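Residue numbers (the working numbering): 37 to 521. Each remark here refers to the structure printed beneath this line.
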Amino acid sequence: MTDRLLNFIDGKWVEPYTNEWLDNINPANTDEVINQLPASSTDDVDRAVSAAVEAQKKWRKVPAPKRAEVVFEAHRLLRERTDEFAEALTREEGKVIAESRGEVQHSLDLLEFFSGEGRRLNGETIPSSTTGIFACTIKAPVGIAALITPWNFPVAIPIWKIAPAIIAGNAVVLKPAEQTPTTADLVTKLFEEAGLPAGVLNTVHGVGEKVGAHLVSHDDVNAISFTGSTEVGLHIYAEGAKGNKKVQCEMGGKNALVLLADGDVDGAVAATATGAFGATGQRCTATSRAIVHEDVYDEFVEKIVAAAEAAQPGDGFDPESTLGPSVDHRQFQQVLDYLDVAREEGVNFELPAGKFDDGPLARGYFLKPTVLTGVTPEMRVAKEEIFGPVLSVIKVSSIEEAIDVANNTEYGLSSAVWTRDVSRVFHWIDDIETGVVRINQPTLGGEVQAPFGGVKNTGVGEREKGKTAIQFFVEDKTVYINHAD
Ligand code: NAD
């Protein structure tokens with residue numbers, strides 16, 4: 037029988053009340069069912085939230101440095117299990133094994149960084165204008181947090197939400213993505229084995245529209261931290277507002293790398309290739325547009341096409357592969373639909389694009405790396421998130437035009453400019469509408485100790501990672517103490 041994953045509620049591994057299950061499919065070989073996950077009901081969510089409410093009463097009284105010791109221990113355990121995590125990630129998400137190892141390393145860095153935050157959960161002292169009054173702020177937990185996560189970084193994203201939430205004294209319910217339940221299971225076990233008391237972390241698997249939606253509207257949930265698509269995130273933001281909940285959403289991206297006439301062409305090509313085709317283009321910070329000055333346009337196109345030709349789609353466990361499959365059929369079809377849109381919009385395909393019709397790659401959701409040229413700023417492929425290995429190249433003739441084109445999207449996560457001119461660098465930093473701004477670098481990722489998040493329809497609420505991550509999970513309490521004789 038196919039293995040079945042369980043929900044984790046109040047420190048126990050339990051079946052869903054529904055006794056219904058969903059298949060977890062290997063995207064590199066869709067004939068393989070890896071395991072099954074609970075198709076939980078709203079009753080399972082209620083049970084998890086009740087457990088969290090009870091557990092939080094005690095957990096919030098544990099000193100913050102002690103709470104953080106659990107995160108420190110989770111770091112030690114993950115270091116021992118790097119291979120197990122990386123392999124589970126490649127099997128169910130599809131990314132190549134080197135990228136999975138990279139995500140696990142990032143998760144280790146996150147745990148290391150956050151475990152110090154327990155000792156730094158300090159408020160501030162405030163000078164009172166009245167004699168005999170001492171004023172200060174303290175960081176109180178928000179209460180119960182719902183953590184709703186996507187499939188594209190299924191180890192790192194749950195960790196970057198769970199760690200600051202529990203250190204701040206909250207109890208949480210994690211609703212992981214349906215496509216990556218095994219990694220969510222492993223993350224949950226990490227905190228269980230690290231000694232987190234029962235009920236402080238609860239994991240409920242299932243369909244977003246049912247399990248996630250019920251969590252969002254649950255009266256006992258005080259805060260919602262969501263990462264995923266803009267469509268779902270904006271809906272959650274509105275639903276959360278109805279219940280006066282604290283909401284943080286990190287959503288879609290349409291990130292641009294700009295190469296100006298004086299920039300390092302080879303460096304920009306290498307950064308674009310990793311940004312566009314790495315992780316199969318399924319990163320929120322993926323480079324999905326290259327905006328290139330006309331003086332270096334032909335050279336850039338020739339070299340990026342060569343880089344795309346060199347990419348090697350294949351099973352993530354094959355060391356020769358550099359490009360894994362799309363995560364599931366919905367995602368695969370979305371990219372294929374955008375290739376049709378590109379054809380209708382009349383762009384040039386520099387290489388054959390689309391799926392594989394025969395051979396081993398036809399058994400999975402594999403796509404050919406795609407370079408589109410002749411793209412103009414108003415086209416849908418220039419503005420909308422595709423979330424696959426597809427790069428749109430747009431020609432411009434000045435930095436002003438490059439900034440206008442880069443900003444011509446509803447999204448605002450990450451961007452990069454390649455230039456050696458310092459005044460252009462500052463012009464870019466001032467005028468670009470993204471939460472992460474990179475100079476002579478790929479658009480990708482971010483360091484764990486730095487704030488991460490976007491503007492416009494990419495982000496709302498406190499930034500994640502870095503010190504700002506804790507701020508979402510606390511309420512500042514202002515305290516006045518009269519100590520006059
Ligand atoms: P998604 O929005 O489809 O799903 C995300 C999560 O929300 C899943 O757990 C899903 O089950 C749940 N969900 C779906 N409908 C819901 C509802 N009505 N109520 C509550 N929960 C619901 O996103 P996805 O396809 O898993 O992830 C890809 C998207 O995530 C891309 O748009 C990508 O850009 C974005 N992303 C953003 C960041 C960032 O930091 N900005 C990071 C990673 C991914």
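C-beta: ideal position from N, C-alpha, C; glycine also. Quantities reported herein were computed from a predicted structural model and do not represent experimental measurements.
Next on the checklist: Taking the alpha helix (DSSP H) that Y528 belongs to, which residues open and close that run?
Outcome noted: The chain is shown from 37 up to 521; residue 528 falls before or after that span and cannot be answered.
Next on the checklist: Suppose you measure from the CA of L146 to the CA of G314; what does that come to, to the nearest Å?
Outcome noted: The count along the sequence shown starts at 1 and reaches residue 146 at position 110. The count along the sequence shown starts at 1 and reaches residue 314 at position 278. Their backbone Cα atoms lie some 21 Å apart in a straight line.
Next on the checklist: So, with DSSP's three-state summary, where would you put R40?
Outcome noted: Translated into positions along the sequence shown, residue 40 becomes position 4. The three-state secondary structure of R40, taken from DSSP, is strand.
Checklist entry - Taking the Cβ atom as the reference point for each residue, do E128 and T66 lie within a distance shorter than 8 Å? => result Looking up residue 128 in the sequence shown gives position 92. Looking up residue 66 in the sequence shown gives position 30. No, the Cβ-Cβ distance between E128 and T66 is not below 8 Å.
Checklist entry - Roughly how many angstroms lie between the CA atoms of P361 and Q370, to the nearest whole one? => result The sequence position of residue 361 within the sequence shown is 325, counting from 1. The sequence position of residue 370 within the sequence shown is 334, counting from 1. In a straight line, the C-alpha of P361 is about 13 Å away from that of Q370.
Checklist entry - Is it right to say H519 is buried, meaning 16 or more other beta carbons lie within 10 angstroms of its own, or is it exposed? => result Counted from its first residue, the sequence shown places residue 519 at position 483. By the 10 Å Cβ count, H519 comes out exposed.
Checklist entry - Can we say the region 37-45 touches the region 225-241, given the rule of at least three CB pairs closer than 8 Å? => result yes
Item to check | Short Cβ contact (8 Å threshold) for T54 with S77 | outcome: On the sequence shown, residue 54 is found 18 positions in, with the first residue counted as 1. On the sequence shown, residue 77 is found 41 positions in, with the first residue counted as 1. Yes, the Cβ-Cβ distance between T54 and S77 is below 8 Å.
Next on the checklist: Would you say the beta carbon of K503 is closer than 7 Å to some non-hydrogen atom of ligand 1?
Outcome noted: By one-based count along the sequence shown, residue 503 stands at place 467. K503 Cβ: outside cutoff for every heavy atom of ligand 1.
Checklist entry - What whole-angstrom Cβ distance do T219 and A124 have, given they're in contact under 8 Å? => result Start at 1 with the first residue of the sequence shown, and residue 219 comes out as number 183. Start at 1 with the first residue of the sequence shown, and residue 124 comes out as number 88. About 5 Å separates the two Cβ atoms, so the contact holds.
Checklist entry - So Y516 is in the alpha helix (DSSP H); what residue range does that whole segment cover? => result The count along the sequence shown starts at 1 and reaches residue 516 at position 480. Y516 -> not in any alpha helix (DSSP H); beta strand (DSSP E) instead, spanning V510 to N518.
Checklist entry - Thinking C-beta only, is A199 closer than 8 Å to V98? => result In the sequence shown, counting from the first residue as 1, residue 98 sits at position 62. In the sequence shown, counting from the first residue as 1, residue 199 sits at position 163. Remark: C-beta atoms of V98 and A199 do not approach each other more closely than 8 Å.
Checklist entry - What residue does the beta strand (DSSP E) around N238 start on, and which one ends it? => result Indexing the sequence shown from 1 puts residue 238 at position 202. Where N238 is concerned, the enclosing beta strand (DSSP E) stretches over L237 to T239.
Item to check | Straight-line Cα distance separating D457 from A344 | outcome: As a first step, residue 344 is located in the sequence shown; it is residue number 308 there, counting from the start. As a first step, residue 457 is located in the sequence shown; it is residue number 421 there, counting from the start. Each residue's alpha carbon lies about 29 Å from the other.
Checklist entry - Could you give the distance in angstroms between the alpha-carbon of T263 and the alpha-carbon of E109? => result Sequence index remark: in the sequence shown, residue 263 carries index 227 (1-based). Sequence index remark: in the sequence shown, residue 109 carries index 73 (1-based). So the two alpha carbons sit approximately 26 Å from each other.
Checklist entry - Do the region 241-259 and the region 202-214 make contact, defined as three or more Cβ pairs closer than 8 Å? => result With a cut-off of 8 Å, the region 202-214 and the region 241-259 count as touching, because enough Cβ pairs lie within range.
Item to check | Helix, strand or coil at K281 [DSSP, three-state] | outcome: By 1-based counting over the sequence shown, the position of residue 281 is 245. Coil.
Checklist entry - First and last residue of the alpha helix (DSSP H) that includes L146? => result Taking the sequence shown and counting its residues from 1, the one referred to as residue 146 is at position 110. Element bounds for L146: I133 to S151.
Item to check | Alpha-carbon to alpha-carbon, E330 and S261 | outcome: As a working note, residue 261 is residue 225 in the sequence shown. As a working note, residue 330 is residue 294 in the sequence shown. Cα atoms of S261 and E330: separation of roughly 42 Å, rounded to the nearest angstrom.
Checklist entry - Buried or exposed: which applies to G395, given that a residue is buried once 16 or more other Cβ atoms fall within 10 Å of its Cβ? => result By 1-based counting over the sequence shown, the position of residue 395 is 359. Label assigned to G395: exposed.
Checklist entry - Would you call Q24 buried or exposed, if buried means 16 or more other Cβ atoms sit within 10 Å of its Cβ? => result Nothing about residue 24 can be read from this structure; the chain reaches only from 37 to 521.
Item to check | Local Cβ density within 10 Å of G168, reported as buried at 16 or more and exposed below that | outcome: By one-based count along the sequence shown, residue 168 stands at place 132. Around the Cβ of G168, a 10 Å sphere holds fewer than 16 other Cβ atoms; the residue is exposed.
Checklist entry - Whole-angstrom Cβ separation of V417 and V383, contact assumed at under 8 Å? => result Translated into the one-based positions of the sequence shown, residue 417 becomes position 381. Translated into the one-based positions of the sequence shown, residue 383 becomes position 347. That belief holds up - the Cβ atoms of V417 and V383 are roughly 7 Å apart, short of 8 Å.
Item to check | Alpha-carbon spacing of E228 relative to K94, whole angstroms | outcome: Counting from 1 along the sequence shown, the entry for residue 228 is found at position 192. Counting from 1 along the sequence shown, the entry for residue 94 is found at position 58. Each residue's Cα considered, the two are about 17 Å apart.
Item to check | Sheet register partners of A438 (DSSP bridge) | outcome: As a working note, residue 438 is residue 402 in the sequence shown. DSSP, once it has assigned bridges, lists no residue as partnering A438.
Item to check | beta-carbon E469 near ligand 1 non-hydrogen atom, thresh 7 Å | outcome: Numbered from 1 along the sequence shown, position 433 holds the residue referred to as residue 469. No, since every heavy atom of ligand 1 falls outside the 7 Å radius drawn around the Cβ of E469.
Next on the checklist: Within the continuous alpha helix (DSSP H) that includes K197, where are the two ends?
Outcome noted: Along the sequence shown, one-based indexing puts residue 197 at 161. Unbroken alpha helix (DSSP H) run through K197: A192 to I203.
Next on the checklist: To the nearest angstrom, how far is the alpha carbon of F368 from that of I422?
Outcome noted: Translated into the one-based positions of the sequence shown, residue 368 becomes position 332. Translated into the one-based positions of the sequence shown, residue 422 becomes position 386. Cα-Cα distance, rounded: 10 Å.
Item to check | Terminal residues of the alpha helix (DSSP H) in which A84 lies | outcome: The count along the sequence shown starts at 1 and reaches residue 84 at position 48. A84 -> alpha helix (DSSP H) spans T78 to W95.
Checklist entry - Is there contact here, the region 496-508 with the region 277-285, by at least three beta-carbon pairs under 8 Å? => result yes
Item to check | The alpha helix (DSSP H) enclosing V332, as first and last residue numbers | outcome: Walking along the sequence shown from the start, residue 332 turns up at place 296. Unbroken alpha helix (DSSP H) run through V332: E330 to A346.
Checklist entry - Taking 7 Å as the cut-off, is the CB of P361 close to at least one heavy atom of ligand 1? => result Mapped onto the sequence shown, residue 361 falls at position 325. P361: no, Cβ never under 7 Å from ligand 1.
Checklist entry - Is K211 near ligand 1, in the sense that its beta carbon is under 7 Å from a heavy atom of that ligand? => result Along the sequence shown, read from residue 1 onward, the residue named residue 211 stands at position 175. Correct: K211 has its Cβ closer than 7 Å to ligand 1.
Checklist entry - Could you give the C-beta distance for K578 and G448, rounded to a whole number, given that I count them as a contact under 8 Å? => result There is simply no residue 578 to check, as the chain begins at 37 and stops at 521 in what is shown.
Next on the checklist: Using the Cβ count rule (16 or more neighbours within 10 Å means buried), how would you classify T323?
Outcome noted: Position 287 of the sequence shown, counted from the first residue, corresponds to residue 323. Buried is the call here.
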